[in-house]
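Chemist: Dropping a structure here in structure tokens format, bear with me for questions.
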Amino acid sequence: MNAAALALLLLALAGALAIALALQIRQRNALRDWLIAPDLHPLPDGRGVWYEIFSRLRKTRKQEQLRRAELGNALERFRLAVQSLPEGVMLLDTQMHIEWLNDAACRQFALDAVRDPGTLAVQLIRQSEFRQLIDSYRARPVKQSTLLRAGSNGEERVLSVTLLPFAATGTLLVATDVTEQVRSELGQRDFIANVSHELRTPLTVITGFLEQFNGDDPPTGEMARRFHRLMAEQAERMNRLIADLLTLSSLESSGQPPRDEVIDVPALLETLRNEALALSAGRHAIDITDSSAGKLRGSADELRSAFGNLVFNAVRYTPAGGKITMAWRLIDGQPTFAVTDTGIGIPPEHIPRLTERFYRVDKGRSTAVGGTGLGLAIVKHVLVRHGGMLKIDSVPGKGSIFTVALPADRRA
């Protein structure tokens, strides 16, 4: 090979190397640009080894994008799930700043999901019990809880607030509304206290009289007969109370629908009228003004108890010479029972609570007239079981109207 041919060969090789180097630099620059801004600079197809590299990178990126999309979808599903929880949820950082909170937490604590993140939780929830919970948790970061009273629009709620560790350094706050549970527990305690009181009073009276009979100078004659009569009255009072307690307990605990019996309501009203006349002992005028609604389907025992309680209450709380009427008629297709009296009436502030167990407007008068304090609670539970409603209209000093409306489909 002569010198000229060698020179041409070397020149050709140099050119080829230069082109190859330029291509390598171009591919390298494409890779660099892609690494810096993959969305702005897509990878070329590449040649040779670069084709393999770029193909693997594209595949890896696509897989990463799919994983991110799946994680994003999972995170969004989780966020929506937490957002829809009835419990209030907050994420707090190491300093107890709010990072995120769901809608329930906003409602419970009157917070704003846009405005309040970044603020210390104790600056927004100012109850001393909450600050004590935060201080205790920061000193010992394990699951801890307390009860808080919170509310808006004039309605107080009781919240069980729990702090527990979350992720590496975060804290999760969960607030559960336990208002109804607390009310139930308080109601149960009040119920037990009331039952104890109602039983203690007649027992004290009976015990006192028995001590008189067992003393050195026991009563005789008319005084002995009077003491026996008073003891019998107190024993009867306890019997009525126990009977009403058993009735109420049965109604509250029954998981079964009421019995489906055909009830001759007009005949029932006649029976109730006769019993009311006996209770009245001639002190009242008691009449049935309408019984046109006919027969009814339901539990005969339960509805007799409900209707009877309304009638007998009217007798007890209507002064001598007053008038009591019963009416059983259709109103807008609904069978409706109404008891109207010319009694002492009820102040309006007491009406919403009349169906509570042992609630009395005038405790002294209720005891004197022989009421147990459970009659209207029994009425309420019977009507709930039969799909009915109780309406009370009253004017103090003039009288009351107790109206029971039952579903149209209970007509027999």
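Be aware that the sequence shown starts at 588, since it is given in the working numbering, and climbs by one per residue.
Using N, Cα and C, we set each Cβ at its ideal position, and we do this for glycine too.
Reducing DSSP to helix, strand and coil, say where M683 ends up.
Modeler: Three-state result, M683: coil.
Chemist: Nearest CA to the CA of T791: which residue from Q695, I685, Q821?
Modeler: Ranking the options by Cα distance to T791, first place goes to Q821.
Chemist: Under a three-way DSSP split, which group does D690 fall into?
Modeler: Helix at D690.
Chemist: Sorted by chain position, which residues of the same chain lie with C-beta nearer than 7 angstroms to T681's C-beta, five sequence neighbours on each side aside?
Modeler: Contacts found: T756.
Chemist: Would you tell me roughly how many angstroms separate the C-alpha atoms of G932 and A907, rounded to the nearest one?
Modeler: Using only the alpha carbons, I get a separation of about 14 angstroms.
Chemist: Going along the chain, which residues of its own chain have a beta-carbon closer than 7 angstroms to the beta-carbon of L720, five neighbours each way excluded?
Modeler: So the list reads Q731, T733, V748, L750, once near-sequence residues are dropped.
Chemist: Counting pairs of Cβ atoms below 8 angstroms between the region 898-918 and the region 855-871, do you hit three or more?
Modeler: The region 898-918 is in contact with the region 855-871.
Chemist: Compute the beta-carbon to beta-carbon distance between L707 and M677, rounded to the nearest angstrom, for a pair I have assumed lies under 8 angstroms.
Modeler: With a Cβ gap of about 12 angstroms, L707 and M677 do not count as contacting.
Chemist: Between which two residues does the beta strand (DSSP E) holding E862 run?
Modeler: Run containing E862: none in the beta strand (DSSP E); it sits in the alpha helix (DSSP H), 852-867.
Chemist: Name the DSSP beta bridge partners of G757, please?
Modeler: Its beta-bridge partners are F753.
Chemist: Per DSSP, what kind of secondary structure is F888 in: helix, strand or coil?
Modeler: Phe is not the amino acid found at residue 888; the sequence shown has Asp there. The answer is helix: DSSP assigns D888 an H, G or I state.
Chemist: From Q670 to E767, what distance separates their C-alpha atoms?
Modeler: Answer to the nearest angstrom: the Cα atoms are 22 angstroms apart.
Chemist: Which residues does DSSP pair with T733 in a beta bridge?
Modeler: Looking at the DSSP assignment, T733 forms a beta bridge with V748.
Chemist: Exposed or buried, what is Y724 when buried is set at 16 or more other beta-carbons lying within 10 Å of its beta-carbon?
Modeler: Buried is the call here.
Chemist: List, from N- to C-terminal side, the beta strand (DSSP E) runs of 3 residues or more that fit wholly inside the region 775-855.
Modeler: Correct list: 848-850.
Chemist: Could you name the residues that DSSP lists as bridge partners for I640?
Modeler: Its beta-bridge partners do not exist; DSSP assigns none.
Chemist: What are the boundary residues of the alpha helix (DSSP H) that includes R718?
Modeler: Here the alpha helix (DSSP H) through R718 covers 715-726.
Chemist: In the DSSP output, which residue or residues are listed as bridge partners for W621?
Modeler: DSSP output for W621 lists no bridge partner at all.
Chemist: Can you say whether Q775 is buried or exposed, counting buried as having 16 or more other CB atoms within 10 angstroms of its CB?
Modeler: With fewer than 16 Cβ atoms within 10 Å of its Cβ, Q775 is classed as exposed.
Chemist: Flag G602 as yes when its Cβ comes closer than 7 angstroms to any non-hydrogen atom of the ligand NAP, and as no otherwise.
Modeler: Looking at this structure, you won't find the ligand NAP or any other ligand, since it has none at all.
Chemist: Looking at C-alpha atoms only, which residue of S771, T927, D620, E848 is the closest neighbour of T876?
Modeler: Out of S771, T927, D620, E848, T927 has the C-alpha closest to the C-alpha of T876.
Chemist: Using 8 angstroms as the threshold, is the C-beta distance between F894 and L941 below it?
Modeler: It is not a contact, given that the beta carbons lie outside the stated cut-off.
Chemist: Per DSSP, what kind of secondary structure is K910 in: helix, strand or coil?
Modeler: Residue state, collapsed to three classes: strand.
Chemist: Would you call the CB atoms of R884 and A999 closer than 8 angstroms?
Modeler: In this structure, A999 lies closer than 8 angstroms to R884 by Cβ.
Chemist: To which residues does DSSP link V926 through a beta bridge?
Modeler: Bridge partners of V926: M913, F989.
Chemist: One question on the structure: do E785 and L828 come within less than 8 angstroms of each other, judged by their Cβ atoms?
Modeler: Yes; because the gap between Cβ atoms is below 8 angstroms, this pair is in contact.
Chemist: Whole angstroms is fine: what's the gap from D620's alpha carbon to R645's?
Modeler: D620 and R645: Cα-Cα distance of roughly 14 angstroms.
Chemist: If we call anything under 8 angstroms between Cβ atoms a contact, is G975 one with L993?
Modeler: The answer is yes: Cβ separation under 8 angstroms.
Chemist: Assuming V701 is part of the beta strand (DSSP E), what are its boundary residues?
Modeler: Taken as a continuous stretch (DSSP letters only), V701 belongs to no beta strand (DSSP E), as it is neither H nor E.
Chemist: Closest to R891 by CA distance: which of G930, E839, V966, G869 is it?
Modeler: It is V966 whose Cα lies nearest to the Cα of R891.
Chemist: Just reading off the beta strand (DSSP E) that K967 is part of, what are its end residues?
Modeler: Taken as a continuous stretch (DSSP letters only), K967 belongs to no beta strand (DSSP E), being part of the alpha helix (DSSP H) at 962-973.
Chemist: Going by Cα to Cα distance, which pick from G802, I793, D764 is closest to A819?
Modeler: Among G802, I793, D764, the Cα nearest to that of A819 is on I793.
Chemist: Between which two residues does the alpha helix (DSSP H) carrying A708 extend?
Modeler: Per DSSP, A708 belongs to the alpha helix (DSSP H) from 708-711.
Chemist: What's the call for D831, buried or exposed, on a 16-neighbour Cβ count within 10 Å?
Modeler: Buried, by the Cβ-count rule.
Chemist: Taking L735 and Q710 to be in contact with their CB atoms under 8 angstroms, please state how far apart those CB atoms are, rounded to whole angstroms.
Modeler: About 15 angstroms; that fails the 8 angstroms criterion.
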